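Structure, as structure tokens:
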Amino acid sequence: MANQHSFPASQKLKSRKTIATLFESGKTMKAYPIRAVYSIIPYNPEYHAAHVQMGISVPKRSFKKAVDRNRIKRQVRESYRMHHAQLIQLAKEKNIYLALMTIYIDRKEPDYEYLDKKVINLIEQLSKLLKSYKA
RNA sequence: GCAAGGCAUCGCUCUAUCGCGCGUCUCGCUAGUCGAGGUGUGAGGAAAGUCCGGACAACGUAGAGUACCGUACCGUGUAAUAAGCGGAUCCCUCGGAAGCGAGGGGAUAGAAAGUGUCGCAGAAAAUAACCGCCCAUCGAGUUUUCUCGAAGGGUAAGGGUGAAAAUGUGAGGUAAGAGCUCACGAUGCUAAUGGGUAACUGUUAGUGUGGAUAAACCUUGUGGGUUGUAAUGCCAUGUAUAUUAUGAUUCGACUUAGGUCGACGAGAGUUGCUCGCUCAAGAAUACCAAGUCAUAAGGGGUAGGCAGCAUAGAUAAAUGAUAGAGCACCAGUAAUGGUGACAGAAUCCGGCUUAUAGAUGCAUUUUUUAC
RNA sequence: GGACGGUUGGCCGAGCGGCUAGGCUCAGGUCUGCAAAACCUGCUACAGCGGUUCAAAUCCGCUACCGUCCU
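What follows is the structure in structure tokens.
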């Protein structure tokens with residue numbers, strides 16, 4: 002991995018199936034205004050394109066305009082992109098697969114700095130979990 | 001000058017760093033839905049609403065009628081349209097003494113084919129006699145004229161209402177009246193003729209005039225086969241005409257379960273229906289096996305990819321973040337500070353509608369408020 | 001992407017073009033020692049804009065919002 006801050010398509014959560022199973026059996030974690038649904042399973046290179054896959058969702062109920070939804074998704078993604086290196090590192094060390102879905106549950110538009118803090122908070126929580134996994 | 005609304009055009013730009021989608025080139029090895037690097041490209045005037053119109057696709061065994069849905073001045077225009085352009089006619093506003101002119105608007109076929117509806121008020125709301133007016137008859141009063149009453153006939157000139165009261169005004173006419181007649185108008189139809197491609201319109205002649213409503217049913221003309229890219233085709237994955245029970249059938253069919261029909265066409269197909277068209281089956285009876293059909297019980301799998309699909313192009317969906325500079329506007333004497341709208345492609349085009357800070361151009365308006 | 005439906009007081013919910021029913025809630029009164037129940041009285045509406053019509057909640061068009069269906 003030449004660049005720490007890249008976020009290619011393989012690290013995005015895209016499969017309809019894994020998302021469905023994630024919502025059925027995943028666990029939740031909160032870092033208001035973000036709620037995260039995640040699941041940790043052993044890594045299998047045949048099925049998993051990357052060690053960590055992440056998706057973002059903004060409900061239409063809270064934000065009616067597509068422009069607002071897009072902006073929030075981009076901001077969350079940007080913040081995640083800047084700070085997700087340690088997560089991937091940990092997942093590789095432990096050889097596990099982490100599926101993560103973040104949902105923005107506030108009804109107001111955030112400013113970027115606030116959002117950034119919360120994403121960092123979320124990632125640290127997840128990192129702790131990963132460290133304690135299998136330990 | 002400012003402001004307002006209208007129409008048209010534009011609707012932030014550049015640099016650096018870190019990233020993303022797609023195409024393409026090179027390299028790498030773990031050889032793929034891979035990684036690295038280079039390079040090209042990457043939201044709008046409305047991408048929105050889905051209100052119209054197409055392209056395109058699937059479904060049909062020729063065609064026609066009908067139902068259903070839409071539509072309604074004329075020409076031009078176009079792949080098509082409710083766009084655009086030109087014209088006719090009606091309505092409104094302004095100007096003018098008037099002919100008429102200017103501006104704006106109109107879903108602008110038919111109410112003389114039929115049906116329905118027209119609250120309240122009013123005599124009456126659609127085959128108008130309640131009051132009034134007039135005529136002659138009978139009875140009563142009275143010297144008669146005349147007055148009152150009864151039943152009958154004529155009469156739409158008058159009657160407070162109403163959105164609307166039966167073509168307006170004047171004259172003749174009459175018992176009283178009436179397009180009953182005449183003149184000048186209003187308006188419909190028919191014919192001839194002039195103008196115009198046409199809508200329509202000028203003139204002449206004849207004939208009529210009993211309201212409104214068709215964005216009430218309806219009639220007439222005219223258009224439309226239906227469904228829509230979640231269409232549709234292909235590949236992959238996974239499979240089951242699984243199994244069980246009951247019944248029917250064995251020439252073919254239909255059935256209301258009784259039966260009925262059949263090359264003299266049973267029956268099936270034919271996009272809602274009908275006609276039409278096309279296709280189309282041939283035998284004794286019983287039992288067994290086997291098949292077929294019907295009903296009931298009873299499950300499982302997939303939900304991915306490619307094409308459709310693009311000189312943006314995905315499929316939990318790219319087009320971003322940070323910093324700086326410029327530009328425009330606002331506040332402020334200035335330094336400086338703030339703001340940059342509406343809004344995000346999902347098959348593609350043409351129109352319409354709606355949302356829009358600011359800039360530019362064009363024409364318009366301001367008797368009440370501001371220079 | 002496509003096809004449809006709805007919007008009537010604070011809430012529910014009728015409404016054949018002619019003054020917008022009814023119930024619940026709320027407020028006041030009667031009744032009661034005080035309440036409840038009952039009875040009486042009252043308040044508050046046709047989503048918005050335009051058109052057709054003498055007249056529109058109703059018919060037509062546009063807009064806004066809410067909802068349903070098709071994989």
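Numbering (the numbering used here), first residue to last: 2 to 136. The C-beta atom is built at its ideal place from N, Cα and C for all residues, glycine as well. No experiment lies behind these values; they were computed from the predicted model shown.
Its chain contains Gln87, Leu88, Leu91 as the residues whose beta carbon lies nearer than 7 Å to that of Ser128, once the 5 sequence neighbours on both sides are disregarded; these appear in chain order. Below 8 Å, too few C-beta pairs join the stretch 115-135 and the stretch 57-66 to call them touching: fewer than three. Secondary structure of Arg82 (DSSP, three-state): helix. Across the set Lys93, Ser80, Ala67, the C-alpha of Ser80 shows the shortest separation from the C-alpha of Gly56. Counting only runs of 4+ residues, the alpha helix (DSSP H) found wholly inside the stretch 84-133 occupies 86-95, 113-133, in chain order. Note that the C-beta distance between Tyr105 and Ile42 is not below 7 Å. Excluding sequence positions up to five before and after Phe24, its CB lies within less than 8 Å of the CB of Val38, Met102, all in the same chain and listed in chain order.
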